[in-house]
């Protein structure tokens, strides 16, 4: 049996140096609640985005994600 | 990254859109997020998200139990009791030596850390140290 791992994406069109946040609806809380990331630039590199999202996934799912761009 | 013609590019200068692909390396139950919303603070960019619920979802974490069966030189099968999936290598060895007597004190179970997370799988090497006795 092969493992299938979760994968998702987001796309930034006309990326600039302005900042954004990601808000994740966390299914591990009751009721589900939004976790909001720190601000990061819309044209951030993969490493920055990985660190931002991993703060959430590591806290609630015990793992760092990998991010490619 | 994609250029103005939506063609994949490695040039940051030519890129008109960045697609960030997020991969979770650990099997989980359900999804990491039921929804993902991008909040623009000072950016003027356009951001679209494809949340985990609409993308590739994880297969279920591995759990449960298993048993190990071996045949002796006479062709008789010997089986362990069910071994809980998350048992460490010392417990696996204990199960084998308890229920497969011809292997007692003749094997060593060694973890090989093939998988990063228990949820993804477990793997051991069994080293035979004295089968001929």
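Chains as they are written, first to last, in this note's numbering: chain W, 73 to 141; chain D, 9 to 141.
By construction, the Cβ of each residue, glycine as well, lies at the ideal position given by its N, Cα and C atoms.
(request) Return the chain-ordered list of same chain residues with a C-beta closer than 7 angstroms to the C-beta of residue 24 (chain D), the five sequence neighbours on each side being excluded. (result) Once the five neighbours on either side are set aside, the close Cβ partners of residue 24 (chain D) are 10, 11 and 12.
(request) Could you pull out every residue in the same chain whose Cβ sits closer than 6 angstroms to the Cβ of residue 133 (chain D), ignoring the five residues on either side in sequence? (result) Once the five neighbours on either side are set aside, the close Cβ partners of residue 133 (chain D) are 118 and 120.
(request) Mind checking the stretch 38-53 of chain D against chain W and listing, in chain order, the residues whose C-beta falls within less than 8 angstroms of any C-beta there? (result) 38, 39, 40, 41, 42, 43, 44, 45, 46, 47, 48, 49, 50, 51, 52 and 53: these are the residues of the stretch 38-53 of chain D whose beta carbon lies less than 8 angstroms from some beta carbon of chain W, given in chain order.
(message) With a threshold of 8 angstroms, are at least 3 pairs of Cβ atoms found where one atom belongs to the stretch 75-88 of chain D and the other to the stretch 107-117 of chain D?
(response) Judged by Cβ distances under 8 angstroms, the stretch 75-88 of chain D makes contact with the stretch 107-117 of chain D, as three or more pairs qualify.
(request) Could you list which residues in chain D have their beta carbon closer than 7 angstroms to that of residue 76 (chain W), in chain order? (result) The contacting residues are 64, 66 and 67.
(message) Using the Cβ count rule (16 or more neighbours within 10 Å means buried), how would you classify residue 60 (chain D)?
(response) By the neighbour-count criterion, in which 16 or more other beta carbons inside 10 Å mark a residue as buried, residue 60 (chain D) falls on the buried side.
(message) Taking the alpha helix (DSSP H) that residue 121 (chain W) belongs to, which residues open and close that run?
(response) 118-133 is the span of the alpha helix (DSSP H), which, as asked, contains residue 121 (chain W).
(request) Note down the Cα distance separating residue 92 (chain D) from residue 124 (chain W), rounded to an integer number of angstroms. (result) Annotation: residue 92 (chain D) to residue 124 (chain W) spans about 36 angstroms, alpha carbon to alpha carbon.
(message) Is residue 111 (chain W) close to chain D? Criterion is C-beta to C-beta, closer than 7 angstroms.
(response) Residue 111 (chain W) counts as touching chain D.
(message) Out of D:64, D:70 and D:39, which one is the CA nearest neighbour of residue 128 (chain W)?
(response) Minimum Cα-Cα distance from residue 128 (chain W) among the listed residues D:64, D:70 and D:39 corresponds to D:39.
(message) Contact between the stretch 113-121 of chain W and the stretch 74-89 of chain W is defined here as three or more beta-carbon pairs at a separation below 8 angstroms; is this criterion met?
(response) Counting Cβ pairs under 8 angstroms, three or more are found: they touch.
(request) Taking the CB atoms as reference points, tell me whether residue 138 (chain W) and residue 31 (chain D) lie closer together than 7 angstroms. (result) Closer than 7 angstroms, so yes.
(message) Need the endpoints of the alpha helix (DSSP H) that residue 83 (chain W) sits in, please.
(response) For residue 83 (chain W), there is no enclosing alpha helix (DSSP H); the residue is found in the beta strand (DSSP E) stretching over 79-85.
(message) According to DSSP, simplified to helix, strand and coil, what is residue 116 (chain D)?
(response) Three-state DSSP puts residue 116 (chain D) in a strand.
(message) If the criterion is Cβ atoms closer than 7 angstroms, does the pair residue 91 (chain W) and residue 51 (chain D) meet it?
(response) Taking 7 angstroms as the Cβ cut-off, residue 91 (chain W) and residue 51 (chain D) qualify as a contacting pair.
(message) Could you tell me the alpha carbon to alpha carbon distance between residue 119 (chain W) and residue 33 (chain D), rounded to whole angstroms?
(response) Answer to the nearest angstrom: the Cα atoms are 16 angstroms apart.
(request) Going by CA-CA distance only, name the one from W:109, W:132 and W:79 that's closest to residue 27 (chain D). (result) It is W:79 whose Cα lies nearest to the Cα of residue 27 (chain D).
(request) Count the other CB atoms, across all protein chains shown, that sit within 10 Å of the CB of residue 98 (chain W); report buried if there are 16 or more and exposed otherwise. (result) Here residue 98 (chain W) is buried: its Cβ has 16 or more other Cβ atoms, across all protein chains shown, within 10 Å.
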